[in-house]
Amino acid sequence: MTKVKDSAERAATLASAKLSESADAVKAGYETAKAKVGGGVDSFPVVALAAGIAVGAVVGALLPKTKKEGELLGEYGGEIVDRAKAALTAGKDAGKAELDAAGFSTDAAGKQVGKLIESIAKVAETAGSAAIGAVRK
Numbered sequence: 054m055t056k057v058k059d060s061a062e063r064a065a066t067l068a069s070a071k072l073s074e075s076a077d078a079v080k081a082g083y084e085t086a087k088a089k090v091g092g093g094v095d096s097f098p099v100v101a102l103a104a105g106i107a108v109g110a111v112v113g114a115l116l117p118k119t120k121k122e123g124e125l126l127g128e129y130g131g132e133i134v135d136r137a138k139a140a141l142t143a144g145k146d147a148g149k150a151e152l153d154a155a156g157f158s159t160d161a162a163g164k165q166v167g168k169l170i171e172s173i174a175k176v177a178e179t180a181g182s183a184a185i186g187a188v189r190k
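Note that our numbering gives residue 86 to position 33 of the sequence shown, counting from 1, and the numbers run on in steps of one.
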């Protein structure tokens with residue numbers, strides 16, 4: 054194999070490992086959130102949607118930022134960022150469509166989310182910190 058191909062494979066492996074660690078941290082954060090809210094996520098699906106968007110933002114923030122990661126990932130880093138942005142957009146669009154189909158207006162959904170936003174914010178912060186810690190190791 055060539056040096057470039059070896060570097061690309063190492064970069065892809067590194068990116069895959071970091072994303073896997075992030076996914077595990079996000080899953081753990083979700084379970085913690087679910088327990089802390091006491092089933093509120095199941096009772097308030099709109100809140101779960103808002104939390105999912107927040108988690109998507111956290112994952113986006115975890116993508117390569119250092120110069121070294123940029124050098125190692127090269128074009129793959131941009132592709133990962135593009136895919137994460139596309140996934141976030143698709144998630145937001147699907148969530149909005151579900152809200153519309155369920156007959157929720159933006160105002161009604163906002164009021165429902167507002168009832169639990171402080172709890173979710175604390176849980177999201179905890180999950181985000183855990184995810185960042187896992188990725189930065």
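The beta carbon of each residue, even a glycine, is placed where N, CA and C say it ideally should be. Here the structure is a predicted model, which is why all the values come from computation and not from measurement.
Handout entry: T142 to A107 span [Cα, whole Å]
Key = So the alpha carbons of these two residues sit roughly 12 Å apart.
Exercise for the section: Please state whether DSSP places T55 in a helix, a strand or coil. Expected result: Assigned with DSSP and collapsed to three states, T55 falls in coil, not helix or strand.
Practice task
Go through its chain and collect everything with a Cβ distance to D146's Cβ below 8 Å, but skip five positions before and after it.
Solution key: The beta carbon of D146 sits closer than 8 Å to no other beta carbon from its chain once the five residues preceding and following it are set aside.
Handout entry: Alpha-carbon spacing of G274 relative to D135, whole angstroms
Key = The question about residue 274 has no answer here: the residues shown for the chain are numbered 54 through 190.
Exercise for the section: Out of G105, D153, E62 and E151, point me to the one whose CA is closest to G176's CA. Expected result: Just to set this straight, residue 176 is Val in the shown sequence, not Gly. The option with the nearest alpha carbon to V176 is G105.
Exercise for the section: Classify G127 as helix, strand or coil using the three-state DSSP reduction. Expected result: Secondary structure of G127 (DSSP, three-state): coil.
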